[in-house]
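The sequence shown begins at 77 in my numbering and counts up one residue at a time. A virtual CB, placed ideally from N, CA and C, is assigned to each residue, including glycine.
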Amino acid sequence: MERRYASHPNEVKQFDTARLRQEFLIPQLFTPDKLELVLTHEDRLIVGGAAPVNGEVKLETDLKELGVAYFLERRELGAINVGGPGSIVVDGTEYELGTKDCLYVGKGSREVIFKSKDAAKPAKFYLNSAPAHKEFPTAKTTLAEAESAALGSIENSNERTIHRLIHENGLQSSQLVMGMTQLKTGNMWNTMPAHVHPRRMEAYMYFDLPEDAVVVHLMGAPDETRHIVMRNEQAVISPSWSIHSGVGTSNYTFIWGMAGDNKAYGDMDAVAMKDLK
């Protein structure tokens with residue numbers, strides 16, 4: 077498991093492109109038959125991916141990094157399948173997950189195994205894990221069951237649907253919040269006007285992008301913005317003080333995950349367009 081340290085806005089504004097990518101971009105999430113994990117000290121969130129192809133992939137790592145006897149002893153996990161049909165086995169109970177289905181795995185779960193139904197169309201499980209102070213039951217949801225809202229307009233190139241999956245009115249968790257936003261054809265912008273989350277951090281994972289397309293992800297303090305060019309199935313860490321928005325060369329889908337002081341989706345501080353620099 078790779079470790080990333082927390083950052084200060086006064087330091088980050090001096091980073092060049094290579095340093096920004098080194099600190100915040102997670103370029104490789106899905107390696108066949110492997111588990112990829114990045115631990116950020118921004119609220120101790122773990123971002124990763126499991127890509128079972130020819131065999132099973134287990135949720136396991138060097139436990140010294142976490143100081144526990146097993147991965148979810150004091151953590152919870154959100155998994156969203158962005159690949160073909162698959163399943164997740166949690167302590168002997170198997171949950172079938174189709175494309176874009178979500179599974180919440182509660183604190184105290186000892187064994188988590190990721191599987192694909194077809195090696196020719198393997199599942200890809202995008203993972204967020206946060207520290208947890210309370211146990212909640214493992215449960216599955218789908219986009220059809222999610223709390224969804226249509227936002228934006230074609231005039232502003234940001235017509236999109238937000239699906240809230242793990243949140244205060246959906247799958248219950250200790251502190252983890254996860255969901256998915258789908259942009260409609262012909263729309264490229266997300267989350268603009270921008271905002272910050274002083275009480276929690278966030279991570280984005282962009283997918284459903286054509287091979288030659290990119291997303292220009294905007295980050296940084298509102299008056300010291302920076303950008304990271306991202307490609308399909310890459311993730312980015314967003315500190316609590318940073319804006320997090322993006323524009324693509326085509327429409328796309330992204331998964332957002334948050335961890336911090338509360339689970340209220342609307343807890344954000346808006347940034348006026350005139351204040352962006």
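With DSSP collapsed to three states, give me the class of residue 164.
-> strand
Report the three-state DSSP secondary structure of residue 300 (helix, strand or coil).
-> strand
Coarse secondary structure for residue 82, derived from DSSP in three states | coil
Quick one: which unbroken beta strand (DSSP E) runs of 3-plus residues sit fully inside the segment 117-147? Chain order, please.
-> 122-126
CB residue 125 to CB residue 203, shorter than 9 Å?
-> yes
Can you give me the start and stop residues for the beta strand (DSSP E) that residue 190 sits inside?
-> 188-192
Tell me whether residue 95 is buried or exposed, calling it buried when 16 or more other Cβ atoms sit within 10 Å of its Cβ.
-> Exposed.
Hey, out of 276, 232 and 77, whose CA is closest to residue 341's CA?
-> It is 276.
Which residues in the same chain have their Cβ closer than 8 Å to the Cβ of residue 113, if we skip the five residues on either side of it in sequence?
-> 77, 78, 122, 123, 124, 137 and 203
CB-CB under 6 Å to residue 218, same chain, minus the five flanking residues each way: which ones, in chain order?
-> The residues are 177.
Spell out the partners DSSP gives residue 292 in its beta bridges.
-> 305 and 323
Check whether the Cβ atoms of residue 265 and residue 233 lie closer than 9 Å to each other.
-> yes
Can you grab the Cα-Cα spacing for the pair residue 118 / residue 88, in whole Å?
-> 14 Å
Tell me whether residue 279 is buried or exposed, calling it buried when 16 or more other Cβ atoms sit within 10 Å of its Cβ.
-> buried
If you compare alpha carbons, which of 313, 346 and 334 is closest to residue 208?
-> The shortest Cα separation from residue 208 among 313, 346 and 334 belongs to 334.
Starting from residue 258, trace the beta strand (DSSP E) both ways and give me its first and last residue.
-> 253-259
Pick helix, strand or coil for residue 93, following the three-state DSSP scheme.
-> Reduced to three states, the DSSP call for residue 93 is helix.
Can you grab the Cα-Cα spacing for the pair residue 252 / residue 90, in whole Å?
-> 31 Å
Since residue 182 and residue 212 are thought to touch, with beta carbons under 8 Å apart, how far apart are those beta carbons, to the nearest angstrom?
-> The beta-carbon distance between residue 182 and residue 212, rounded to whole angstroms, is 5 Å. This is short enough to meet the 8 Å contact definition.
For residue 195, which residues from the same chain have a beta carbon less than 8 Å from its beta carbon, with the 5 sequence-adjacent residues on both sides left out?
-> 129 and 130
Spatial neighbours of residue 346 within its chain, please: CB distance less than 7 Å, with the 5 preceding and 5 following residues excluded, ordered by chain position.
-> 269 and 271
Where does the unbroken beta strand (DSSP E) through residue 240 begin, and where does it stop?
-> Element bounds for residue 240: 236-242.
Buried versus exposed call for residue 310 [16 or more other C-beta atoms within 10 Å across all chains shown] = buried
Around the C-beta of residue 191, are 16 or more other C-beta atoms found within 10 angstroms, so that it is buried, or is it exposed?
-> buried
Is DSSP giving residue 204 helix, strand or coil here?
-> strand
Can you grab the Cα-Cα spacing for the pair residue 281 / residue 106, in whole Å?
-> 12 Å
Residue 214 to residue 171 span [Cα, whole Å] = 10 Å
Below 9 Å between beta carbons: does that hold for residue 205 and residue 283?
-> no
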